[in-house]
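**Student:** Quick one: structure below, then a few questions.
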Amino acid sequence: MRFGLCVVLGAALALSACGKEGGAGGVDGALIASPPEGEWLSYGRDYAEQRFSPLDQIDTANVNQLGLAWYADLDTARGQEGTPLVIGGVIYHSTAWSKVKAFDAKTGNSLWEYDPQVPGETAVKACCDVVNRGLAAWGDKLFIGTLDGRLVALDRATGTEAWSVVTVDQSKPYTITGAPRVVDGKVLIGNGGAEYGVRGYVTAYDADTGEELWRFYTIPGAPEEAADEPEYLAKARETWNGEFWKNGGGGTAWDAMAYDPELDLLYIGVGNGAPWNQAYRSPGGGDNLYLSSIVAIRPDSGEYVWHYQTTPGETWDYTATQHIMLADLEIDGQQRKVLMQAPKNGFFYVLDRETGELISADNYVPQSWTTGIDMKTGRPIEVAEARYDKTGQPYIGTPGPGGGHSWQPMAFHPDAGLVYIPAILSAFPFIPEENWEADMHRGLNLGIDMGAGAMSADLKVREDAAKATKGALIAWDPVAQKERWRVSHPAPWNGGVLATAGGLVFQGDAGGNLVAYGAMDGRELWSFHAQTGILAPPITFTVDGEQHIALLVGYGGVWPLSPSGVVGEQAGAKPNISRLLVFKLGGEAELPPAPPLNRRPLDPPPFRGTEQQVTSGAYDYGRYCGGCHGDAAIGSTVLPDLRRSAVLESRQAWQTIAHDGALKDNGMVSFAPSLDEEQIENIRQYVIKRANEDRALERQARESGA
Ligand code: CA
C-alpha cells in the first residue's frame, strides 16, 4: 500500500517519499491504470472508467456529518459538466467555455487560471451548450480540448500553454466538449457537430510536442478518398448509399473512451448520423457503419480491431458515445473481461471486450423502437413504425433523441456488483420533413421538422409532457441484466455518478440536491442543497489524511436549452449558479444566500402579424433558434427567453441582432448566411404570437388560483 502511505504522510512528504505519485514525478500509464487511492488522475478515475474510489473514510455511518469545506465561484454561467482531477494535493478542473482552474485542494486557494479565449460566436456550432467535460494529465502537463476545436497542453505547475494544435477544420461546425485521454504518451481527442453536418474522427497527438500521430475516421469520406482508405473504411463504405459525404455523415466521437492496458485496446463510442433522417443521409438505408458503434482500436497506430453497432442505420440520434466502462465479471461461472455501455437507445450492453461479442443486452428504460435484441445476430429487432425515415409518417419515439442516458457518467460498485445509471425517461415526436434540404451555414441539419414537433401551446399537453418526462438513478445488475433499485427524479436532466468503498453512491440532481445513497439499497443518507441544478459527476480524494468529495455545480447543457427544456423547469430544476464545491466530514463552510431569479415579466407587444408569417417563423424558429432558446420559444433560465425580451418590440433591434450579428461575441451570431430579413421578421412575429399565448395562459392560471 505504497500510495496509501503517501496519502497519510501528506502532500509535502509525498513529494520526496513517493516519487511516482502523480504530483511529483508526473502522471504515466501505470499510475492511470492503478491510481493512488487518494487521487483522481484521469476522467473516469482509471482507464476502466469505473468511477469507483477505494476511499472509505466517509461511509454509510458517518456521511451525515459531511459538510462544505470550501467553495469557489466560477466566472461562467453556463452548464458545468466537468470532472475535476486531483494530483498531488491540487484540484484542476475545466469549466464552460473551456477554461481551466487550479486550486489548493485543502484550502481552496486559487493557484492559477487559464482562459483559451474561445470566440463567443463558436457557441452557434454547439448543439448542447458551451460545456466542457474535463482534462487529461500526462507527465507534468494537462490537456484540454476547447470548444473551437483546439487541443491545448498546459504546464501543470503554472497553467501556461506548452503547445496548442487545431484538431478540426474550423470553417466547419465542429466543436470539442469531451475530455481528452492519454495512452502511452499519445493524447486522444474526438469532436462533435453531427447535428449540423460533419464527419467524425479521433486523433492522437504526441503529449510532448503536439505532433499529430494518427487519425481514425469513424465513417467513410468522399468517393475520391476511397482509393487510399484502410480496409475497415472500405467495408463501411459498402453500408452507405447516395452522396452521404456531402452533409458530413456524422459519427462524431464526442465523449466516451476507455482503455485496456492488458489487451492494448482503446475503445471509442461513435455518435449519430448527419442528418438524423436516414432517408436523406443514406437513401435506401444500410447500416451506415460505424455510426452508433463501439469501436476497438490500437492506440499505437489507430488500427481498427473490432466494432459492435448498437443501432444499425440509426435515424433517432441514438448515439453510442455514452460512458464506456470496463470490468471483469463472473458470468455463467466464467470470469469475463467485459465492456459495458448504456447508450441513448435504451439498452444496456455487456460485450466481451477482447472480441466485441455481444454477451447480453436488455433495456434499462422503456423503449418503443424494437421488440428486443436478436442475440444470434446482435441486432435490434426493429418495429416498422419507428422508421419514420421509411414510412414518412410522424413517430413518437421512446427514448427521444435525448436518450435513455446521455453523457452523464455512470459508476460501478464492485462489491455491490451494480452499475448506477443516470437515466432519462422521455419521448419525442420525430416528424420527417418533406423535400428537406441541408443548410451548411447555420442551424440544425436533421431532416425532421423541429417546428412542427414543438411543445404545444396547450397548457394541459405541456403538463402531461412534463409528467411523462422524468429522470432516475437506476442501480443495474449487469450480470442478471436487471434493475435492483431506483431513485426517481422529477426532472430528466440530472448529474453523473460516483461510487465509493464507503458503501456510497453520490449523485446531484436538477433540483440542486447533492445526495449520498446507500450503494446496496438506494437509501438516502445525506443531502446538500447547492442552489443550482447539478449535471457534473462528483469525485473523491484525500488531502492530509482527510477524504473529500468535490464537484462542479451549475445548470445548463442540452436539456435546459433545447426542445422540452421547459419540462425540467416545471419539475423544479434550478437556474445556473456555477461553482466548485468541496466537502469533508465536519466541514463548516456555508454558501451565501441564493440570489433571486430576476426574470423580465411576460409582457409582449400585441400580435399584429399574419398567420403566414407565423407558419414561416415557426419552421425557421425550430431549425435555427430552438436549439438554444427553447422549444416553442419557451426559453430557459440559462439563455435569454425571447418571449420576455425587450428587443421583441422593435423590428429594427431584432434585425440588428439576428441579421447583423450585434451580439456575436455572446454567442448570438448573425443568421444572415441562412435567413433573409423577411424570414427573421417572421420569426419575431412567431415569438410575439407565442408570448401572447403564454401570457394568456399565465393569466388564466392566476385567475383560476392555480
Ligand atoms: Ca446527437
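Per my numbering, residue 983 is the first one in the sequence shown, and the count goes up by one each step. We put the CB at the ideal spot given by N, CA and C, even for glycine.
#1: From residue 1039 to residue 1403, what distance separates their C-alpha atoms?
#2: According to DSSP, is residue 1653 part of a helix, a strand, or is it coil?
#3: Just how far apart, CA to CA, sit residue 1339 and residue 1290?
#4: Sort 1307, 1248, 1096 and 1225 by Cα distance to residue 1320 and report the nearest one.
#5: Whole-angstrom Cβ separation of residue 1599 and residue 1668, contact assumed at under 8 Å?
#6: What does the Cβ neighbour count give for residue 1686, buried or exposed, with the cut at 16 atoms within 10 Å?
#7: DSSP state of residue 1181, grouped into three classes?
#8: Work out the CA separation of residue 1305 and residue 1239 for me, nearest whole Å.
#9: Who are the near neighbours of residue 1564 in its chain, counting only those whose CB is closer than 6 Å to its CB and skipping five residues on each side?
#10: Pick from 1348, 1094, 1428 and 1279: whose alpha carbon is nearest that of residue 1605?
#11: Please report the straight-line C-alpha distance between residue 1511 and residue 1255, rounded to a whole angstrom.
#12: Between which two residues does the alpha helix (DSSP H) carrying residue 1073 extend?
#13: How about residue 1295 and residue 1269: are their beta carbons less than 7 Å apart?
#14: Residue 1310: which of 1470, 1154, 1031 and 1682 sits nearest, CA to CA?
#15: Alpha carbon to alpha carbon, how far is residue 1292 from residue 1325?
#16: Got a sec? Which residues, its chain only, sit under 8 Å from residue 1378 by beta carbon, not counting five neighbours each side?
#17: Tell me whether the region 1205-1218 and the region 1255-1264 touch, counting them as touching only if at least three CB pairs, one residue from each stretch, are closer than 8 Å.
#18: Alpha carbon to alpha carbon, what distance is there between residue 1492 and residue 1373?
#19: Please report the residue range of the beta strand (DSSP E) in which residue 1617 lies.
#20: Under 6 Å: does the beta carbon of residue 1299 sit that close to some heavy atom of ligand 1?
#21: If you pair each beta-carbon of the region 1567-1582 with each one of the region 1654-1664, do three or more pairs fall below 8 Å?
#22: In the DSSP assignment, the beta strand (DSSP E) including residue 1639 goes from what residue to what residue?
#23: Does DSSP put residue 1035 in a helix, in a strand, or in coil?
#24: Are the beta-carbon atoms of residue 1132 and residue 1106 separated by less than 7 Å?
#25: Near residue 1363, which residues of its chain fall below 6 Å by C-beta distance, leaving aside the five closest residues on each side in sequence?
#26: In or out: residue 1515 buried (at least 16 other Cβ within 10 Å) or exposed?
#27: When we look at the beta-carbon of residue 1016 and count the other beta-carbons within 10 Å, is it buried (16 or more) or exposed?
#28: Whole angstroms are fine: how far does the CA of residue 1395 sit from the CA of residue 1500?
#29: Report the residue from 1401, 1641, 1229 and 1143 whose alpha carbon sits nearest the alpha carbon of residue 1421.
#30: Give the secondary structure of residue 1373 by DSSP, where H, G and I count as helix, E and B as strand, and everything else as coil.
#31: Along the chain, where does the beta strand (DSSP E) containing residue 1458 start, and where does it finish?
#32: Does the distance from the CB of residue 1164 to the CB of residue 1120 come in under 7 Å?
#33: In its own chain, which residues sit with a C-beta less than 6 Å from the C-beta of residue 1241, not counting the 5 before and 5 after it?
#34: Between residue 1254 and ligand 2, is the CB less than 6 Å from at least one heavy atom?
#35: Quick one: what does DSSP say residue 1345 is sitting in, helix, strand or coil?
#36: Put residue 1003 into one of helix, strand or coil per three-state DSSP.
**Tutor:** Well, looking at it:
#1: For the purposes of this step, residue 1039 is taken as the residue at position 57 of the sequence shown. For the purposes of this step, residue 1403 is taken as the residue at position 421 of the sequence shown. Roughly 24 Å between the two C-alpha positions.
#2: For the purposes of this step, residue 1653 is identified with residue 671 of the sequence shown, where counting begins at 1. Of the three classes helix, strand and coil, the one that applies to residue 1653 here is coil, per DSSP.
#3: Counting from one through the sequence shown, the residue named residue 1339 turns up at place 357. Counting from one through the sequence shown, the residue named residue 1290 turns up at place 308. Rounded to whole angstroms, residue 1339 to residue 1290 spans 8 Å at the Cα level.
#4: The residue you call residue 1320 lines up with position 338 of the sequence shown. For residue 1320, the nearest C-alpha among the options comes from 1307.
#5: Walking along the sequence shown from the start, residue 1599 turns up at place 617. Walking along the sequence shown from the start, residue 1668 turns up at place 686. So it is a contact: roughly 3 Å between Cβ atoms.
#6: As a first step, residue 1686 is located in the sequence shown; it is residue number 704 there, counting from the start. Residue 1686 should be labelled exposed.
#7: Position 199 of the sequence shown, counted from the start, is the residue given in the question as residue 1181. Three-state result, residue 1181: strand.
#8: Along the sequence shown, one-based indexing puts residue 1239 at 257. Along the sequence shown, one-based indexing puts residue 1305 at 323. Between residue 1239 and residue 1305, the C-alpha separation is close to 7 Å.
#9: Translated into the one-based positions of the sequence shown, residue 1564 becomes position 582. Once the five neighbours on either side are set aside, the close Cβ partners of residue 1564 are 1051, 1052, 1530 and 1532.
#10: Residue mapping note: residue 1605 aligns to position 623 of the sequence shown, counting from 1. Comparing Cα positions, the closest option is 1428.
#11: Reading the sequence shown from its first residue, position 529 is the one you call residue 1511. Reading the sequence shown from its first residue, position 273 is the one you call residue 1255. C-alpha separation (whole angstroms): 39 Å.
#12: Within the sequence shown, residue 1073 is the residue found at index 91, counting from 1. Taken as a continuous stretch (DSSP letters only), residue 1073 belongs to no alpha helix (DSSP H), being part of the beta strand (DSSP E) at 1072-1076.
#13: To locate residue 1295, count along the sequence shown from 1; it is residue 313. To locate residue 1269, count along the sequence shown from 1; it is residue 287. The answer is yes: Cβ separation under 7 Å.
#14: As a working mapping, residue 1310 is identified with position 328 in the sequence shown. Nearest of 1470, 1154, 1031 and 1682 to residue 1310, Cα basis: 1031.
#15: As a first step, residue 1292 must be located in the sequence shown, where it is residue number 310. As a first step, residue 1325 must be located in the sequence shown, where it is residue number 343. When rounded, the distance between both Cα atoms is 8 Å.
#16: Translated into positions along the sequence shown, residue 1378 becomes position 396. 1350, 1409, 1410, 1411 and 1412.
#17: no
#18: For the purposes of this step, residue 1373 is identified with residue 391 of the sequence shown, where counting begins at 1. For the purposes of this step, residue 1492 is identified with residue 510 of the sequence shown, where counting begins at 1. Each residue's alpha carbon lies about 37 Å from the other.
#19: Taking the sequence shown and counting its residues from 1, one reaches residue 1617 at position 635. From DSSP, residue 1617 is part of no beta strand (DSSP E); its letter is neither H nor E.
#20: What you label residue 1299 is simply residue 317 of the sequence shown in a count that begins at 1. Yes - ligand 1 has a heavy atom lying nearer than 6 Å to the Cβ of residue 1299.
#21: no
#22: For the purposes of this step, residue 1639 is taken as residue 657 along the sequence shown, with counting starting at 1. Counting along the chain, residue 1639 falls outside any beta strand (DSSP E), though it belongs to the alpha helix (DSSP H) covering 1633-1640.
#23: Locating residue 1035 in the sequence shown gives position 53, counting from the first residue. DSSP places residue 1035 in strand when its eight states are reduced to three.
#24: Position 150 of the sequence shown holds residue 1132. Position 124 of the sequence shown holds residue 1106. Not a contact, by the Cβ cut-off of 7 Å.
#25: Indexing the sequence shown from 1 puts residue 1363 at position 381. Within the same chain, residue 1363 has close Cβ partners 1352, 1353, 1354 and 1356.
#26: Within the sequence shown, the letter at position 533 stands for residue 1515. Residue 1515 is buried by the Cβ-count criterion.
#27: As a working mapping, residue 1016 is identified with position 34 in the sequence shown. Exposed: under 16 other Cβ atoms inside 10 Å.
#28: Here residue 1500 refers to the residue found at position 518 of the sequence shown. Here residue 1395 refers to the residue found at position 413 of the sequence shown. Residue 1500 and residue 1395: Cα-Cα distance of roughly 11 Å.
#29: Within the sequence shown, residue 1421 is the residue found at index 439, counting from 1. That would be 1229, whose Cα lies nearest to the Cα of residue 1421.
#30: Along the sequence shown, one-based indexing puts residue 1373 at 391. Helix, per DSSP.
#31: In the sequence shown, the residue the question calls residue 1458 occupies position 476. Unbroken beta strand (DSSP E) run through residue 1458: 1452-1459.
#32: Locating residue 1164 in the sequence shown gives position 182, counting from the first residue. Locating residue 1120 in the sequence shown gives position 138, counting from the first residue. Taking 7 Å as the Cβ cut-off, residue 1164 and residue 1120 qualify as a contacting pair.
#33: Walking along the sequence shown from the start, residue 1241 turns up at place 259. Counting only Cβ-Cβ distances below 6 Å, and skipping sequence neighbours, we find 1029, 1165 and 1248.
#34: You won't find ligand 2 in this model; what it holds is ligand 1.
#35: Position 363 of the sequence shown, counted from the start, is the residue given in the question as residue 1345. Residue 1345 falls in the strand class under three-state DSSP.
#36: In the sequence shown, residue 1003 corresponds to position 21, counting from 1. Low confidence applies to residue 1003: its pLDDT is 48, below 50, so where it sits in the model is not reliable enough to give any reading.
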